[in-house]
Each structure stands twice: as structure tokens, then as C-alpha cells.
Amino acid sequence: MRAWTWRRTSDARGAAPAAIAAAVNAALRHPAAKPAAFVLASLPLLHLIWGAWADTLGANPAQALSRGTGDWTLRLLCATLAVTPLREAFGWHALLRLRRMLGLWTFAYALAHLLCYAWLDMGFDAAAIVRDIPKRPFVLVGTLAFVLLLPLAGTSFDRAVRALGGRRWRALHRSVYAIALLAVLHFLWARSAKNDLAEVAVYAAIVALLLGWRLRAALRRQLPAR
13 MRAWTWRRTS
23 DARGAAPAAI
33 AAAVNAALRH
43 PAAKPAAFVL
53 ASLPLLHLIW
63 GAWADTLGAN
73 PAQALSRGTG
83 DWTLRLLCAT
93 LAVTPLREAF
103 GWHALLRLRR
113 MLGLWTFAYA
123 LAHLLCYAWL
133 DMGFDAAAIV
143 RDIPKRPFVL
153 VGTLAFVLLL
163 PLAGTSFDRA
173 VRALGGRRWR
183 ALHRSVYAIA
193 LLAVLHFLWA
203 RSAKNDLAEV
213 AVYAAIVALL
223 LGWRLRAALR
233 RQLPAR
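If you read the sequence shown in the working numbering, its first letter stands for residue 13, the second for the next number, and so on.
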């Protein structure tokens with residue numbers, strides 16, 4: 013009787029996560045899921061653009077635009093990196109449908125962040141930008157992260173995957189973890205002068221957790237081969 017009760021309780025506990033996973037996957041496979049995700053990802057950028065137009069971004073709108081686009085670049089990058097761990101941990105396999113879109117929105121916000129620097133800080137003065145990049149470490153690291161992000165955005169499409177081959181494409185896109193580390197370092201150095209490190213610590217912890225998951229998964233794949 014006791015064994016039967018334990019078995020029934022265990023089955024019930026196992027059924028709950030499976031039911032949640034099924035519901036999440038069904039929602040993510042709904043035809044409206046991708047358009048909804050697209051709209052949600054665009055809202056912060058639209059809010060910043062509207063705020064700049066309506067002059068509601070505070071005393072320093074240039075800083076608000078730069079910080080806002082930078083913050084959302086890092087948030088969307090973390091969301092992109094979280095897709096695989098969430099799929100494996102909770103069975104939310106349909107999240108894969110959104111990963112490419114999240115990655116491209118990450119690039120869009122990174123490009124907007126770079127444009128804020130080049131336009132609002134440097135006035136599109138190419139010579140001044142070239143002189144400024146090596147002088148300020150956080151600008152140098154941020155520029156490097158963006159340069160590494162360029163080939164990932166350019167190879168985010170099915171034709172690029174076929175042209176490169178699956179193995180080389182996956183090897184190239186693993187550089188996203190290096191980009192995440194550079195982004196956190198850029199964020200740290202940009203905020204350190206203002207002693208505003210609480211948010212940096214949160215992002216650093218998230219990236220460390222996601223990177224740790226990736227390393228753990230890689231080690232688990234190698235161990236059986238030995």
C-alpha cells in the first residue's frame with residue numbers, strides 16, 4: 013500500500029512539469045507567438061525613439077538612449093543564450109522557434125547602441141572615433157563585441173547554414189559566449205565610474221550561470237567518448 017501510494021505521488025509530481033511543458037510548447041507553436049515576440053522585442057526601442065521625439069527622456073536624453081539600447085542589448089543576449097538551457101531543463105523545445113529572432117533583435121539593439129555612441133557622443137567624426145576607441149577600455153571592448161557579433165548576424169539565415177555546413181556554423185556561433193563576456197565587461201567598465209555595479213553583478217551572474225551550463229553540457233558529451 014505504501015509503495016503504491018509513493019508511486020502514485022511520484023507519477024503525479026512527474027506529470028505536472030510535463031503538463032506545463034506541453035502548455036508552454038503549445039503556446040510557443042501558436043501562429044501568433046512569433047509576431048507577439050517580435051512586437052515585445054521592439055517595444056523598448058520604440059519607447060526610446062518616442063521618448064527622444066517627445067523629449068521625455070530626462071535631463072540627458074543622449075545618455076538615456078545610449079544606456080537604454082545598451083541595457084536591452086545585454087538583456088536580449090541573455091535571453092538568446094537562455095533558450096538552450098530552458099529547452100533542456102524544462103522541455104520547452106518550441107523556444108527554438110524564437111532563438112533566431114532574439115539573436116537578430118540583440119544585433120539590432122547593439123547597432124542602435126553603437127549609433128548612439130557614434131552620433132550622439134562623437135558626432136559621426138570618424139577620425140575622433142578611431143582615436144577614442146583605444147583610449148577608453150569600455151569603448152574598445154564594446155567595439156570588439158560588436159565586431160564579433162557581425163558575422164553571427166550575417167549567418168543567421170538558412171542559406172548561410174547550408175553554405176557553411178552545420179559543424180562550421182555551430183563553431184562560429186559558439187563565439188556568442190565570448191561576446192556575452194565582453195558585453196558584461198563593457199557594462200562593468202561603463203558603470204564603474206558611477207559606482208553603479210548592482211545591475212552589473214546581476215548580468216554577470218546570469219552570464220556565468222549560462223556559460224557554466226554550456227561547459228557542463230560540453231563535458232557531459234565528452235565523458236562517454238572516453
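Ideal Cβ positions, reconstructed from N, Cα and C, are used throughout, including at glycine. All of these numbers come straight from a predicted model, not from anything done at the bench.
Ranking 77, 225 and 83 by CA distance to the CA of residue 212 puts 83 first.
Per DSSP, reduced to three states, the secondary structure at residue 113 is helical.
With respect to residue 120, residue 157 sits apart: the two C-beta atoms are not nearer than 9 Å.
In this structure, residue 118 places its C-beta atom within 9 Å of the C-beta atom of residue 89. The region 150 to 167 makes contact with the region 185 to 200: 3 or more CB pairs, one atom from each, lie closer than 8 Å. The DSSP-derived three-state label of residue 44 is coil.
Secondary structure in the region 128 to 199: the alpha helix (DSSP H) runs of 4 residues or longer, each lying completely within the stretch, are 138 to 147, 149 to 166, 170 to 176 and 178 to 185 in chain order. The region 21 to 105 contains, as complete alpha helix (DSSP H) runs of 4+ residues, the segments 45 to 66 and 73 to 102 (chain order). For residue 165, the closest C-alpha among the options 92, 80 and 138 is that of 92.
Cβ neighbours of residue 37 within its own chain (closer than 7 Å, five residues either side excluded): 104, 105 and 106. In this structure residue 81 does not touch residue 49 by the C-beta definition: roughly 19 Å separates them, more than the 8 Å allowed. In the structure shown, residue 235 adopts coil according to DSSP, grouped into three states. A residue is called buried once 16 or more other Cβ atoms fall within 10 Å of its Cβ, and residue 162, having fewer, is exposed. Cα atoms of residue 145 and residue 174: separation of roughly 36 Å, rounded to the nearest angstrom. A distance of 9 Å or more separates the beta carbons of residue 231 and residue 189.
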